[in-house]
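Going from the sequence shown to the numbering used here is simple: count from 1 and add 130.
All residues carry an ideal CB built from backbone N, CA and C; glycine is no exception.
Please read the structure below before turning to the comments.
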Amino acid sequence: KVCIMGLISLQYLFARFLLLEVGSVEAAAHSFRLMDSQTGALHPDLFDKASGHGEIWPITSAEVDSLRRKILKASVGGGSGGADRRRRIKNAFGLHDEDWRSVWSWHPDGSQLQIVNSGGFGAATPGAPKPSFRVYVYEPDEHQALQQLTKGAAFCKHNQWGMEVALHDWFLACPCRTDNPDEADFFFVPHYTACLINHADTFPGCDTKQLCQRTAALFEQVLTDSRHYHRTDGGRDHLFVWGS
Numbered sequence: 131k132v133c134i135m136g137l138i139s140l141q142y143l144f145a146r147f148l149l150l151e152v153g154s155v156e157a158a159a160h161s162f163r164l165m166d167s168q169t170g171a172l173h174p175d176l177f178d179k180a181s182g183h184g185e186i187w188p189i190t191s192a193e194v195d196s197l198r199r200k201i202l203k204a205s206v207g208g209g210s211g212g213a214d215r216r217r218r219i220k221n222a223f224g225l226h227d228e229d230w231r232s233v234w235s236w237h238p239d240g241s242q243l244q245i246v247n248s249g250g251f252g253a254a255t256p257g258a259p260k261p262s263f264r265v266y267v268y269e270p271d272e273h274q275a276l277q278q279l280t281k282g283a284a285f286c287k288h289n290q291w292g293m294e295v296a297l298h299d300w301f302l303a304c305p306c307r308t309d310n311p312d313e314a315d316f317f318f319v320p321h322y323t324a325c326l327i328n329h330a331d332t333f334p335g336c337d338t339k340q341l342c343q344r345t346a347a348l349f350e351q352v353l354t355d356s357r358h359y360h361r362t363d364g365g366r367d368h369l370f371v372w373g374s
């Protein structure tokens, strides 16, 4: 246990260095992938116990999840890229501008596909096909209750409830993502509830056969604290995904 935590810590620190100091999304993503399967072998609570909650080894489950989201956000790709030869052609899911061109060919108002200008459009870079809509993804680092509902992405990704994580990852790396909630058409609220409540150690007393009061309270806290949820009646522009 000590050896694998040491290895994970080194890979985490190296991936963080590559992203934040070197500025290479590709190298950071590669380093992170090497760590991902090892991190996913441990339930997030067991991971934090093994690391001493960051005191034995300089890493926590929340920090791993946060770095994962940063890498995905930085890996949108596409567009003209200007003179930067190191720009990403494809996003984290291997999609490039021609793929997105077919995705964004449908517009609710029947208009033709446009190209993003120098002003940008959400996460889409200039020169890329313009998305049909923009989605704001709730950031767990800004909502303490949401951190508890989205912990252990690597652990939950590699089991039958992995779609909850996959869709969260997809929206983070999508050019349709926007970091400005005031311009968003939809709001995606990530959570890995189906995964977490199926492991009794996460929320004691909860399982899939009953309403989990603890997770329900966390959802209520996230939405109550959000000024965006009350923008429309009943939060009709908010997107949730529940695995089964």
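- When C-alpha distances from PRO256 are compared across GLY208, TYR268, HIS321, the shortest belongs to GLY208.
- Restricting attention to beta strand (DSSP E) runs no shorter than 3 residues, the region 236–279 encloses them at 265–267, ordered along the chain.
- Of the candidates THR345, PHE318, GLU313, ASP312, the residue whose Cα lies closest to the Cα of ASN328 is THR345.
- Taking a cut-off of 8 angstroms on C-beta distances, the region 248–255 does not touch the region 278–291, as fewer than three cross pairs fall below it.
- For PHE223, there is no enclosing beta strand (DSSP E), as DSSP marks it with neither H nor E.
- Following the DSSP letters along the chain, one finds PHE317 inside the beta strand (DSSP E) bounded by residues 316–318.
- Annotated three-state conformation of THR169 is helix, per DSSP.
- Across the set HIS273, VAL265, LYS260, LEU149, the C-alpha of LYS260 shows the shortest separation from the C-alpha of SER210.
- Here HIS368 is bridged, per DSSP, to PHE317.
- Annotation for ARG344: the continuous alpha helix (DSSP H) segment containing it runs 343–355.
- Residue environment analysis places GLY252 among the buried positions, since at least 16 neighbouring C-beta atoms fall within 10 angstroms of its C-beta.
- Pairing TYR359 with THR308 gives a Cβ-Cβ distance that is not under 9 angstroms.
- Going by DSSP, THR323 is part of the alpha helix (DSSP H) stretching over 323–327.
- For the 9 angstroms CB-CB criterion, TYR268 and VAL352 form a contact.
- When the Cα atoms are used, ASN310 and THR190 turn out to be separated by approximately 28 angstroms.
- Spatial neighbours of ALA158 in its own chain (CB-CB distance under 7 angstroms, excluding positions within 5 residues in sequence) are listed in chain order as ALA145, LEU148, LEU149, ILE201.
- DSSP places LYS281 outside any alpha helix (DSSP H), giving it a letter other than H or E.
- Within the model, the alpha-carbon separation for LEU369 versus VAL319 is close to 6 angstroms.
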